[in-house]
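Okay, so here's the structure we're looking at.
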Amino acid sequence: MAFFCTICEQESTRICVTCTKDTCDDHLCTLCKSCSDCCPHDVQLEQRPSVRAAIESANHDYSEVSTVLSNS
Ligand SMILES: [Zn+2]
Ligand SMILES: [Zn+2]
Ligand SMILES: [Zn+2]
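So in this note's numbering the end of the sequence shown lands on 76, straight run, no missing numbers.
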């Protein structure tokens, strides 16, 4: 039996604890387990920690590559 996010309509396995609507991982706050409509936190999808971590690790890899190049 499949459930679909009420916000973006992609398949979901979770529900909002506040309104109990089906909500995908992208639209369920990890802090309060509520959907974007109910969540009191001002979380923007573009600013999710996973995205920031990916950007920071990419920058880290680049600086390591630069060090290797300048040493050789
Ligand atoms: Zn969604
Ligand atoms: Zn909700
Ligand atoms: Zn929240």
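Backbone N, C-alpha and C fix where the C-beta goes; we use that ideal spot for every residue, glycine too.
Do Cys33 and ligand 1 come close, with the Cβ less than 6 Å from some heavy atom? no
DSSP state of Glu13, grouped into three classes? coil
In whole angstroms, give me the CA-to-CA distance for Phe7 and Cys39. 14 Å
C-beta contact flag for Thr27 and Cys33 at 7 Å: no
Beta-carbon spacing of Cys9, Thr22 below 7 Å: The answer is no: Cβ separation not under 7 Å.
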